[in-house]
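S.K.: The opening residue of the sequence shown carries number 5 in my numbering; numbering runs sequentially from there. Ideal placement from N, C-alpha and C gives every residue a C-beta, glycine not left out.
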Amino acid sequence: MKRIAVFTSGGDAPGMNACIRAAVRGAIYHGLEVYGIRRGYNGMISGDIFPMNSQSVSNIVQRGGTMLKSARSKEFMTPEGRKKAYENLMNAGIEGLVAIGGNGTFTGAEVFFNEYEIPTVGCPGTIDNDLYGTDYTIGFDTAVNTALEAIDKIRDTADSHDRVFFIEVMGRDSGYIAIQSGIGGGAEIVMVPETHTPLKKVVSTLKDGWSRSKSSSIVVVAEGDEEGHATDIAEKIKNQVADKLDIRVTTLGHIQRGGTPTAYDRILASRLGLGAVEGLIKGYKNVMAGVVNNEMVYTPFIDTIKKPKPIHDDLLRMVHILSM
């Protein structure tokens with residue numbers, strides 16, 4: 005293998021730039037030519053493929069987002085789109101790919117490999133931390149700290165006005181951000197997609213706190229909770245607590261995706277970017293590089309896509325115990 009390309013796809017995550025930097029410089033260290041692809045699979049289809057060198061990735065390790073841009077590509081979901089992408093890669097002499105992204109990125113890579121057998125090693129870049137085969141994904145730690153900072157500030161207001169705040173964090177299919185920011189922020193209740201939290205339990209917890217002269221409470225809700233979004237849940241709760249509690253809602257939204265990556269995310273991303281390049285050199289293909297128990301591992305894309313990554317019961321138990 006002499007020439008590889010790196011791209012980012014799907015939702016951006018803090019630390020992606022550190023991963024790009026590591027992949028580019030790792031490839032150069034090992035004597036490979038390295039190219040960048042702008043805007044993910046869309047750039048692959050349009051031929052937006054360009055050579056990179058060590059200078060190309062200078063001064064990006066501390067930046068959020070992705071210097072290669074990102075996009076979701078409907079055209080790549082079609083055989084015609086994938087054929088264009090393959091032809092452009094062949095015209096550029098690309099022999100292997102480093103794909104930085106999440107579930108959708110790896111689903112596309114799995115289909116692409118099955119059709120054209122271009123070796124691809126993925127790096128888990130998603131704030132949701134929902135990919136099997138790695139303890140943590142790139143961007144997760146930063147997203148948790150961003151959410152935690154917001155929760156701390158909201159708690160000041162909640163305490164000043166004796167209010168209950170329902171705070172919605174990202175996590176359509178995963179409650180990792182909710183559970184960790186909730187524990188770190190001292191939330192009384194955390195609602196996640198992985199477990200069902202009945203509304204009557206939420207009501208009883210809030211009423212119990214009120215009866216013990218607890219002046220304020222925080223409820224952290226993952227956006228994918230089965231009871232609905234935070235606004236929906238808060239409205240249902242209001243109808244059951246009458247005028248006893250002053251309830252407000254805050255949705256944190258996309259601020260969790262941006263910002264300067266934490267030291268942990270920069271180091272993890274650098275390790276995974278280099279690991280992906282060295283995986284290609286070793287002959288790995290159609291796999292994701294991950295870190296499990298501080299060891300580099302390579303997991304088939306089909307497993308990262310299909311296998312669940314449940315939240316440990318101890319974390320859920322901790323929320324219950326510490327909310328007293």
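1) Starting from Ser208 and walking both ways along the alpha helix (DSSP H), at which residues does that stretch end?
2) Quick test of your reading: Thr124 and Asn297, contact by CB under 8 Å. State the CB separation rounded to the nearest angstrom.
3) In the DSSP assignment, what residue or residues form a beta bridge with Ser221?
4) So, does the region 29–37 touch the region 62–70, judging by three or more C-beta pairs under 8 Å?
5) List the whole-angstrom C-beta distance separating Thr70 from Asn21, where the pair is believed to meet the contact cut-off of C-beta under 8 Å.
6) Return helix, strand or coil for Pro83, following the three-state DSSP convention.
7) By alpha-carbon positions, which one of Asn92, Ala191 and Thr150 ends up nearest to Pro265?
8) Do the CB positions of Ile49 and Lys88 come within less than 7 Å of each other?
9) Determine the contact status of Ala267 and Val253, defining contact as a CB-CB distance below 7 Å.
10) Would Arg43 and Lys73 be called neighbours here (beta carbons separated by less than 7 Å)?
11) Would you mind sorting Asn57 into buried or exposed? The rule is 16 or more other CB atoms within 10 Å of its CB.
12) Tell whether a beta-carbon distance below 7 Å holds between Gly112 and Phe144.
13) My guess is that Pro128 and Gly294 are in contact by the Cβ rule of under 8 Å, so how many angstroms apart are they, rounded?
14) Short of 7 Å in beta carbon distance, which residues of its chain neighbour Lys242, apart from the five on each side in sequence? Order them along the chain.
15) Could you tell me the distance, in whole angstroms, from the CA atom of Asn46 to the CA atom of Asp318?
16) Taking all protein chains shown into account, decide if Gln59 is buried (16 or more other Cβ within 10 angstroms of its Cβ) or exposed.
17) Among residues of its own chain, excluding the 5 on either side of Ile187, which ones have a beta-carbon nearer than 8 Å to its beta-carbon?
18) So Thr308 packs on Leu135, CB below 8 Å; how close in whole Å?
19) Relative to the C-alpha of Met292, which candidate in Ile222, Glu99, Tyr140 and Lys240 has its C-alpha closest?
20) Identify whether Tyr90 lies in helix, strand or coil by the three-state DSSP scheme.
21) How big is the Cα-Cα spacing for Glu230 and Lys240?
22) When the distance is taken between beta carbons, is Asp269 closer than 7 Å to Thr146?
23) Rounded C-beta distance between Ser215 and Glu192? I'm assuming under 8 Å.
24) When the Cα of Val10 is compared with those of Glu119, Val281 and Phe305, which residue comes out closest?
M.R.: Working from what's here:
1) For Ser208, the uninterrupted alpha helix (DSSP H) run begins and ends at Leu203 to Ser215, by DSSP.
2) No, Thr124 and Asn297 are not in contact; Cβ-Cβ is about 25 Å, not under 8 Å.
3) Note: Ser221 sits in a beta bridge opposite Val168.
4) By the Cβ rule, the region 29–37 does not count as touching the region 62–70, because fewer than three pairs are nearer than 8 Å.
5) About 6 Å separates the two Cβ atoms, so the contact holds.
6) Helix.
7) Across the set Asn92, Ala191 and Thr150, the C-alpha of Thr150 shows the shortest separation from the C-alpha of Pro265.
8) Contact check for Ile49 against Lys88 passes: the beta carbons are separated by less than 7 Å.
9) Here Ala267 is not near Val253, since their CB atoms are 7 Å or more apart.
10) Yes.
11) With fewer than 16 Cβ atoms within 10 Å of its Cβ, Asn57 is classed as exposed.
12) No, they are not a contact pair.
13) Sure, about 6 Å apart at Cβ, within 8 Å.
14) Hits under 7 Å: Ile251.
15) Between Asn46 and Asp318, the C-alpha separation is close to 42 Å.
16) For Gln59, the number of other beta carbons within 10 angstroms of its own is below 16, and it is reported as exposed.
17) Contacts found: Val194, Leu319, Met322, Val323 and Leu326.
18) Contact between Thr308 and Leu135 holds, since their C-beta atoms are separated by about 5 Å, short of 8 Å.
19) When only C-alpha atoms are compared, the closest one is Tyr140.
20) If DSSP states are grouped into helix, strand and coil, Tyr90 belongs with the helices.
21) Straight-line Cα distance between these residues: approximately 13 Å.
22) Here Thr146 is near Asp269, since their CB atoms are less than 7 Å apart.
23) Contact flag wrong, Cβ pair sits at about 13 Å.
24) Residue Val281 holds the alpha-carbon nearest to the alpha-carbon of Val10 among Glu119, Val281 and Phe305.
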